[in-house]
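A.B. asks: The structure under discussion is supplied below as structure tokens; questions concerning it will follow.
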Amino acid sequence: MQYEAIRVRRLSPVIGARVEGIDLARPLGNQQFQEIHDALMAHLVLFFPDQRLTTDQHVAFSRRFGKPMIHPAAKQEIEGHPEIRVVRADENSKIVAGDAWHSDMSCEANPPMGSALYVTEVPPDSGGDTLFANMYAAFEALSPPVRDMLRGLTAIHSGAHVYSNAFYDKDGEKRIPQAEHPVVRVHPVTGRECLFVNAGFTTRIVGLTKLESDSLLAMLLRHCEAPAFQCRLQWGEGGLALWDNRCAQHHAIFDYWPHRRYGHRVTIGGDAPFGPRRLSPARSRGAR
1397 MQYEAIRVRR
1407 LSPVIGARVE
1417 GIDLARPLGN
1427 QQFQEIHDAL
1437 MAHLVLFFPD
1447 QRLTTDQHVA
1457 FSRRFGKPMI
1467 HPAAKQEIEG
1477 HPEIRVVRAD
1487 ENSKIVAGDA
1497 WHSDMSCEAN
1507 PPMGSALYVT
1517 EVPPDSGGDT
1527 LFANMYAAFE
1537 ALSPPVRDML
1547 RGLTAIHSGA
1557 HVYSNAFYDK
1567 DGEKRIPQAE
1577 HPVVRVHPVT
1587 GRECLFVNAG
1597 FTTRIVGLTK
1607 LESDSLLAML
1617 LRHCEAPAFQ
1627 CRLQWGEGGL
1637 ALWDNRCAQH
1647 HAIFDYWPHR
1657 RYGHRVTIGG
1667 DAPFGPRRLS
1677 PARSRGAR
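The opening residue of the sequence shown carries number 1397 in the working numbering; numbering runs sequentially from there.
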């Protein structure tokens, strides 16, 4: 693919690209936006190094790709910006969000299209990298009989074990987000099939016995973690990553304690997943 407004260099043969020659603090022109969008469709995750963004500029860039979602489990920490989720870890952190393979908020009926994470503080020497995995490649690497079987299945995605007591509705009542999605998702832009199960939220496959579901899920989740599907992003101060949540998973590595890592994330709204046999719209199973 040829680009005129940006420079694009692959991070790995299968997923990820570094984008240079653009200042995201400035409003995107139509050609710049189209080339970034095309690069995202081709590479699934884009890394823009050495940016200097205000919160308003970060949000404005994210809005070009869709309406920001307000994360129901996040406290509002940036005044006037409920769509910003603060991502931090320091000497007081025992765990960090995202320290397992996952697709953001797949427990929602309409999971995010993507996310834009802007990191302003990184550990002094190394650490705090993020792994990304290509779920197109993961699906295509399965044998034809397994691919065909998976096309007819749906799975439950639940936030119960991830967010525990963090979700409440507008009346203050506890709500556990849960949804049923196709195991094989069709990307609404590219039309390609990808696996849509993840260790963070997928709990069982509908219609199978517990033994069958547990065994099949264990195989798929292990398969998704194969290094052949991955790239590893090493953050620098002022780096922004934009990823497509519909066809990529990620894993934030917590290997830098007691050092500090800090950033802001905007989550971009998406649509209900659908499968090759049009198994959508997703059925929301939010429990109280």
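Quick reminder that beta carbons are idealized off the backbone N, C-alpha and C, glycines included. Values in this document were obtained by computation on a predicted structure and should not be read as measured data.
Go ahead and label residue 1432 buried or exposed: buried means 16 or more other beta carbons lie within 10 angstroms of its beta carbon, across all protein chains shown.
C.D. replies: Flag for residue 1432 reads buried.
A.B. asks: How many angstroms separate the CA atom of residue 1542 from the CA atom of residue 1615?
C.D. replies: Computed Cα separation, rounded: 11 Å.
A.B. asks: On the DSSP bridge list, what partners appear for residue 1465?
C.D. replies: Answer is 1663.
A.B. asks: Taking residue 1444 as the reference, give the member of 1414, 1467, 1424 and 1461 with the closest Cα.
C.D. replies: When only C-alpha atoms are compared, the closest one is 1414.
A.B. asks: Measure from the alpha carbon of residue 1634 to the alpha carbon of each residue in 1624, 1657, 1650 and 1618, then state which is nearest.
C.D. replies: Looking at the Cα atoms, 1657 is the closest of the given residues.
A.B. asks: Where does residue 1426 sit, in a helix, a strand or coil, going by DSSP?
C.D. replies: Three-state DSSP puts residue 1426 in a helix.
A.B. asks: Rounded C-beta distance between residue 1589 and residue 1535? I'm assuming under 8 Å.
C.D. replies: Contact holds; Cβ gap of about 6 Å.
A.B. asks: Apart from the five residues on each side of it in sequence, which residues of its chain come closer than 7 Å, Cβ to Cβ, to residue 1683?
C.D. replies: At residue 1683, the pLDDT of 38 sits below 50, so the modelled position is not reliable; the number obtained from the coordinates is stated separately. Here the set comprises 1572 and 1574.
A.B. asks: Can you name the residues that DSSP bridges to residue 1480?
C.D. replies: DSSP lists 1662 as partners of residue 1480.
A.B. asks: By a C-beta neighbour count over all protein chains shown, 10 Å radius and 16 as the cutoff for buried, is residue 1427 buried or exposed?
C.D. replies: Result: exposed.
A.B. asks: Would you mind stating whether residue 1617 and residue 1648 have Cβ atoms separated by less than 7 Å?
C.D. replies: No, Cβ-Cβ distance for residue 1617 and residue 1648 is not below 7 Å.
A.B. asks: Measuring only the C-alpha atoms, how far is residue 1672 from residue 1642?
C.D. replies: About 14 Å.
A.B. asks: Within 10 Å of its beta-carbon, does residue 1466 have 16 or more other beta-carbons around it, so buried, or fewer, so exposed?
C.D. replies: Exposed, because fewer than 16 other Cβ atoms sit within 10 Å of the Cβ of residue 1466.
A.B. asks: Where does residue 1675 land, buried or exposed, given buried means 16+ other C-beta within 10 angstroms?
C.D. replies: Here the model assigns residue 1675 a pLDDT of 48, short of 50, so the residue's position is not dependable and the matter cannot be decided.
A.B. asks: Can you find the residues in the same chain that come closer than 8 Å, C-beta to C-beta, to residue 1463, ignoring five residues on each side of it along the sequence?
C.D. replies: For residue 1463, where only same-chain residues beyond five positions count, the Cβ hits under 8 Å are 1664 and 1665.
A.B. asks: Note the first and the last residue of the continuous alpha helix (DSSP H) segment covering residue 1575.
C.D. replies: No alpha helix (DSSP H) contains residue 1575, which is instead part of the beta strand (DSSP E) from 1574 to 1578.
A.B. asks: Using CA coordinates, which residue listed in 1660, 1667 and 1668 is at the minimum distance from residue 1471?
C.D. replies: It is 1660.
A.B. asks: For residue 1638 versus residue 1420, is the C-beta distance shorter than 7 Å?
C.D. replies: No.
A.B. asks: With H, G and I counted as helix, E and B as strand and the rest as coil, what does DSSP make of residue 1627?
C.D. replies: Three-state result, residue 1627: strand.
A.B. asks: Would you mind sorting residue 1473 into buried or exposed? The rule is 16 or more other CB atoms within 10 Å of its CB.
C.D. replies: The residue is exposed, with fewer than 16 neighbouring Cβ atoms inside 10 Å.
A.B. asks: Assign residue 1458 to one of two classes, buried (16 or more other C-beta atoms within 10 Å of its C-beta) or exposed (fewer than that).
C.D. replies: Buried.
A.B. asks: Would you identify the three-state DSSP class for residue 1609, choosing helix, strand or coil?
C.D. replies: The answer is helix: DSSP assigns residue 1609 an H, G or I state.
A.B. asks: Taking the continuous beta strand (DSSP E) assigned at residue 1533, which residues delimit it?
C.D. replies: Segment 1531 to 1536 is the alpha helix (DSSP H) holding residue 1533; no beta strand (DSSP E) there.
A.B. asks: Considering Cα atoms alone, identify which of 1667, 1631, 1645 and 1669 is closest to residue 1514.
C.D. replies: The residue with the shortest Cα to Cα distance from residue 1514 is 1631.
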